[in-house]
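Trainee:
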Ligand SMILES: Cc1cc2nc3c(=O)[nH]c(=O)nc-3n(C[C@H](O)[C@H](O)[C@H](O)COP(=O)(O)OP(=O)(O)OC[C@H]3O[C@@H](n4cnc5c(N)ncnc54)[C@H](O)[C@@H]3O)c2cc1C
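Residue numbers (the numbering used here): 343 to 708.
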């Protein structure tokens with residue numbers, strides 16, 4: 343079976359890797375460089391409690407399933423690629439100003455423990471900022487998303503995949519009523535199935551309802567001699583998250599994110615976002631005012647109209663699949679999406695109804 347994948351982000355690479363393991367021939371066409379889209383720009387959180395508070399049951403259950411897959415996915419990927427990806431089950435601390443709401447969330451979810459502001463300061467003395475209590479979420483994790491992109495690229499190539507960087511797909515073509523390949527400015531690639539995994543750009547390649555949502559982030563480093571536990575938890579303030587990056591490349595930094603803005607495909611860095619992110623971070627850990635700005639970047643999240651991913655067949659001709667619209671959870675969902683989409687493309691699994699891209703087909707005909 344010959345599969346062509348459009349886009350070498352976490353989705354395209356991990357699905358491609360799983361398809362190669364199942365015996366398929368896989369070619370990934372990447373407009374720029376592998377792992378360089380939202381996968382590079384992300385904060386790498388595998389966040390359940392903070393990201394899914396208002397999500398429908400199908401998304402929550404998919405997130406828990408993927409979270410359970412993460413440790414073995416990370417171990418397998420590191421072993422195959424020989425490249426560490428910094429997966430850490432660090433837990434997360436969710437700070438808030440509504441004590442009653444925090445306490446009721448802890449009552450509803452046995453995985454969460456309510457902490458008073460005093461408890462929090464006792465365990466994490468640097469958290470001298472503004473909050474009235476917190477929730478301890480021990481199952482949260484994070485991964486070095488940039489290392490993840492590199493490791494997936496290596497694993498994909500080692501498994502025998504063909505990867506074409508700087509080669510954009512400009513057309514998906516059909517013959518006798520089915521999708522049979524794609525074309526780039528250079529040539530055509532015939533395929534038994536085509537997977538569209540072009541992140542926020544998916545809607546530029548086919549008529550899928552995916553749009554970009556810009557996010558700016560910064561990374562801070564401590565002044566010389568300042569002690570900080572980079573193996574500590576992810577910290578969520580009321581309107582900001584702080585992700586410690588420990589060892590490895592890009593280690594010894596605190597990631598601060600992220601803005602959420604509908605600005606088309608603009609990824610310009612703004613002074614306003616920088617100031618806002620710093621101010622929000624300092625409200626949680628005031629001593630961050632003395633930390634140095636190490637990096638400021640922006641990326642585009644792939645968003646769908648209902649906020650849920652699109653995972654499955656697309657269009658009126660068989661042979662085209664889409665894996666996009668993961669919005670803020672594309673890293674969290676990666677292992678589950680890889681398994682589900684690889685199975686589906688081989689005809690061994692059906693889409694999950696809530697994520698079936700064909701839920702949007704009716705919008706085009708009505
Ligand atoms: C600031 C920020 C913070 C985030 N934090 C988190 C987080 O903590 N946890 C989490 O789970 N998620 C997070 N996300 C979301 C997550 O990064 C995305 O959901 C995920 O990376 C999407 O992966 P992808 O492979 O679909 O897209 P991408 O990584 O964007 O990859 C798509 C690829 O397709 C390529 N492409 C585009 N058009 C074409 C074409 N015509 N032909 C060929 N190739 C093409 C692009 O160049 C790109 O490399 C964050 C996102 C942002 C922006």
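Backbone N, C-alpha and C fix where the C-beta goes; we use that ideal spot for every residue, glycine too.
Please tell me whether residue 667 and residue 600 are closer than 9 Å, where the distance is taken between their beta carbons.
Mentor: Going by C-beta atoms, residue 667 is not nearer than 9 Å to residue 600.
Trainee: Measure the C-alpha to C-alpha separation of residue 573 and residue 657 and round it to an integer number of angstroms.
Mentor: Spanning the two alpha carbons is a distance of roughly 46 Å.
Trainee: For a test of the three-state rule: what should DSSP assign to residue 431, helix, strand or coil?
Mentor: It is coil, neither helix nor strand.
Trainee: Going by Cα to Cα distance, which pick from 583, 681 and 550 is closest to residue 691?
Mentor: Of 583, 681 and 550, the residue nearest in Cα terms is 681.
Trainee: Quick check for students: name the residue ranges of the beta strand (DSSP E) that lie wholly in the segment 409-462, counting only runs of 3 or more.
Mentor: Runs found: 434-438 and 455-458.
Trainee: How many Å lie between residue 447 and residue 393 at the Cα?
Mentor: C-alpha separation (whole angstroms): 14 Å.
Trainee: Do residue 359 and residue 501 have their beta-carbon atoms positioned less than 9 Å apart in this structure?
Mentor: Yes; because the gap between Cβ atoms is below 9 Å, this pair is in contact.
Trainee: How many angstroms separate the CA atom of residue 478 from the CA atom of residue 436?
Mentor: Distance between the alpha carbons of residue 478 and residue 436 is about 7 Å.
Trainee: Whole angstroms is fine: what's the gap from residue 702's alpha carbon to residue 551's?
Mentor: Their Cα atoms are separated by approximately 8 Å.
Trainee: May I ask whether a heavy atom of ligand 1 can be found less than 8 Å away from the beta carbon of residue 525?
Mentor: False, no ligand heavy atom lies under 8 Å from that Cβ.
Trainee: Short check: CB of residue 361 to CB of residue 694, under 9 Å?
Mentor: Cβ distance not < 9 Å, so residue 361 and residue 694 don't count as in contact.
Trainee: Answer yes or no: the CB of residue 505 versus the heavy atoms of ligand 1, is any distance below 8 Å?
Mentor: Because no heavy atom of ligand 1 lies under 8 Å away, the Cβ of residue 505 does not count as near it: no.
Trainee: Could you tell me the alpha carbon to alpha carbon distance between residue 540 and residue 663, rounded to whole angstroms?
Mentor: If you take the alpha carbons of residue 540 and residue 663, they lie about 12 Å apart.
Trainee: Given this structure, state the Cα-to-Cα distance separating residue 415 from residue 374, to the nearest angstrom.
Mentor: About 26 Å.
Trainee: Should residue 472 go down as buried or exposed, given a rule of 16 or more other Cβ atoms within 10 Å for buried?
Mentor: When all chains shown are included, residue 472 counts as exposed.
Trainee: Could you check where the beta strand (DSSP E) with residue 634 kicks off and where it finishes?
Mentor: Run containing residue 634: 634-645, per the beta strand (DSSP E) assignment.
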